[in-house]
Amino acid sequence: MKTSIGGRAVQYVIAYLFMLVALYPIALMIASSFKTNMEIFANPLSLPSSLHFETYQKLWKAVPFADFLWNSIFVSGMSVLLITVFSAMASFYLARFSFKWTAALTFFFLLGLMIPIKLGIVPLFILMKNLGLLNSLWSLILIYTASGIPLAVFILTGFFRTLPVELEEAARIDGCSNFQVFWKVLLPLIRPALATVVIINFIHAWNDFFFPLIFIQKETLKTIPVGMMVLFGEYETDWSLLFAGLTLSAVPMIGVFLLASRQFMEGLTAGAVK
Amino acid sequence: MGTIATSRQKGRRSWVIHLFPLPALILYALFVVYPIFSAFTYSLYDWQGIKRGVFVGLKNFTTLFTVEPFNEMFWNAFSHNLLYFVVEMIVQNGVAFTLAFFIYRKIRGAGFLKVAYFIPRLLSVIVVGFLWKLIFNPNYGALNTFLTKIGLAEWARPWLGDTDTALLAIILVNCWFGVGFAMLIFLAGLQSIPEELIEAARLDGARGITMLWKIILPLCMPAITIMTIFTFIQAFEAFELVYAMQGSMGEPFYSTDTLAVYFYRMAFSSAGGGDVSIGLGSALAVVLFIIVASVSALSMHLMRKREVQH
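The listed protein sequences derive, respectively, from chains W and F. By UniProt numbering, the letter at position 152 of the first sequence is numbered 152, and the numbering carries on one by one without gaps. By UniProt numbering, the letter at position 248 of the second sequence is numbered 248, and the numbering carries on one by one without gaps.
Right under this line is the structure:
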């Protein structure tokens, strides 16, 4: 397709203007975290005149950020691990074996794609209370895992079905058990689908604040997003501290993304549009 | 499917294989299916605080829809969810499609632009909410300062404190957050269009707008359908951003309230002046569930249909 020079120029203006719209607020957040309060109020839009790291020292004392970070890593990592392992096992079974109940089971898992789990929050709260899991990171891990399973099973079952059956037959003739076929032959082959499952669920678990808001009261057990909420209650006038908190909570994810942006973006859209 | 499995099962029938789906099944049943199912039964009982009372049938639902202020609250929040959907379809998805189209047409710097557009999506919604709350601040916020600097001082206003602008401000922040993901979906859709079809259309004389309107948009329909459904579900589950920016009361004066915020208020906070109402809250959850699930079901149906074609 050919476009006139004028049309091309308009495209460039719009595309790069929107880049500014996307990035400027984030740049502003990072820049402001290095300013003093006075400077934020006097020149909110400019770059910091000098870098003030003391805000970060103050932040470190104001909130137990190391705890928050560890909680986020533990919860997200554990949820992603459990989702991946359990869903891969279930998907292998559903895609490769046909018993009377496998179709029903597949359908049962698919139903989960339609369930907005947040709406079950009251019964979940009571359930967690009865299990003694309020104020425990396991409450979050169990919920993220359980609610991540339907989509993961959906993606992985589809992927398992695309693998040629001959591979398995060959492995079985060589004497592999079901478990070995699964672990040694099929799992390495569905790595792209596993990456998709990992990325979708990692972003979700890392950024969620609804469930920790309700299940976690104890300060040192909070994940980063809810942990940072505290700042907004207690330090509403200290803007540099607030910006530093926001920056610190956003940077780990942006860092991971920049390292693997291609996989991230492909993983997120894989399966959505064929 | 499963033909080798059935033939092999006789030879090496191992009961261990039946344990494979169990961990996933148990967790999913216990922490997803059971709570949602319970919410349905909860909605049929009278509740005193968190203690279950007598069975009252559909009374909670009739209260929700016929008794003041519950019915007013419901339709107020519902209309906001609807506005969320409409504005996101137009602004977020419109911008996203335009940007995806430019990248598809191989604009210079496409790889970098894709990354840049997506970065906001990586922030936690609560971070997005707080960040923009600071930007919208009437006294020191960057937005009003910016408007003053470029000579539009009379446009400056307390964006989040004004009932005329608060809801729209929040929805636009949500669009800012969501454009990157929508752009990726549209781009994937555009890139899946077979080159030959475009080539053929060009030979037939299709150019510019005609090409876009008559050839590209129709071929991009699967991506557009998916994104429409995502947007709908997201709009009807809107909670985090409103909670982060305006609290559980959807301030000012409930002008930013959504059904999910209203639900949260009923289920968890007595800040609304009333008691925590589990029965009514559950009834509201069921209504929301029906809205969201029916649209999800429709989407699954559409996806299935497409799968057959492939």
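Ideal placement from N, C-alpha and C gives every residue a C-beta, glycine not left out.
- Exposure of Asn-135 of chain W is indicated by the presence of fewer than 16 other C-beta atoms within 10 angstroms of its C-beta.
- Chain F places no beta carbon closer than 8 Å to that of Leu-134 of chain W, leaving this residue out of the contacts.
- Under the DSSP assignment, Phe-268 of chain F falls in the alpha helix (DSSP H) whose first and last residues are 259 to 268.
- Taking a C-beta cut-off of 8 Å against chain W, the contacting residues of the stretch 142 to 167 of chain F are Ala-142, Thr-145, Phe-146 and Lys-149, listed in chain order.
- Any Cβ of chain W closer than 8 Å to the Cβ of Ala-182 of chain F would place that residue at the interface, and such an atom is absent.
- Rounded to whole angstroms, Tyr-28 of chain F and Gly-227 of chain W show a C-alpha spacing of 28 Å.
- Counting of Cβ neighbours within 10 angstroms places Met-38 of chain W among the exposed residues, the total staying below 16.
- Chain-ordered, the chain F residues with CB closer than 7 Å to the CB of Thr-269 of chain W read Leu-184, Ile-185 and Ala-188.
- Per DSSP, Asp-46 of chain F is one residue of the beta strand (DSSP E) stretching across 45 to 48.
- Between Leu-113 of chain W and Met-221 of chain F, the gap from beta carbon to beta carbon reaches 8 Å or more.
- Gln-48 of chain F sits exposed, since fewer than 16 C-beta atoms from the chains shown fall within 10 Å of its C-beta.
- The C-alpha of Ser-91 of chain W is placed about 22 Å away from the C-alpha of Leu-302 of chain F.
- Under the three-state reduction of DSSP output, Arg-207 of chain F falls in the coil class, being neither helix nor strand.
- Per the Cβ contact rule, the stretch 173 to 189 of chain F is in contact with the stretch 113 to 127 of chain F (3 or more Cβ pairs under 8 Å).
- In this structure, DSSP gives Gly-53 of chain F an extended state, which the three-state scheme calls strand.
- Pairing Ile-278 of chain F with Ile-126 of chain W, the inter-Cα distance amounts to about 11 Å.
- The CB of Leu-127 of chain W comes closer than 7 Å to the CB of Pro-35 in chain F, given here in chain order.
- Contact between Val-128 of chain F and Ile-229 of chain F does not hold, since their C-beta atoms are separated by about 23 Å, which reaches or exceeds 8 Å.
- Burial state of His-80 of chain F is buried, judged by a 10 Å Cβ sphere holding 16 or more other Cβ atoms.
- A direct Cα-Cα distance of roughly 15 Å separates Ala-223 of chain F from Trp-213 of chain F.
- A residue is called buried when at least 16 other Cβ atoms come within 10 angstroms of its Cβ; Lys-100 of chain W does not meet this threshold and is exposed.
- Think of a sphere of 7 Å around the beta carbon of Ser-261 of chain W: the chain F residues whose beta carbon falls inside it are Val-115, in chain order.
- The beta-carbon of Glu-199 of chain F is placed no less than 8 Å from the nearest beta-carbon of chain W.
- When rounded, the separation of the alpha-carbon atoms in Gly-7 of chain W and Ile-185 of chain F is 24 Å.
- A residue is called buried when at least 16 other Cβ atoms come within 10 angstroms of its Cβ; Gly-111 of chain F does not meet this threshold and is exposed.
- Taking a Cβ-Cβ threshold of 7 Å, none of the residues of chain F is close to Trp-70 of chain W; the smallest such distance is about 17 Å.
- Within chain W, Ile-115, Pro-116 and Leu-119 have C-beta atoms less than 8 Å from the C-beta of Phe-289 of chain F, given in sequence order.
- Under the Cβ criterion of 8 Å, Pro-164 of chain W is not counted among the residues facing chain F.
- For a Cβ distance threshold of 9 Å, nothing in chain W lies close to Thr-63 of chain F: the least Cβ distance comes to about 17 Å.
- Val-122 of chain W counts as buried, since no fewer than 16 other beta carbons sit within 10 angstroms of its beta carbon.
- A direct Cα-Cα distance of roughly 13 Å separates Ile-173 of chain W from Val-185 of chain W.
- Pairwise C-beta distances place the stretch 141 to 154 of chain F out of contact with the stretch 77 to 97 of chain F, as fewer than three of them are shorter than 8 Å.
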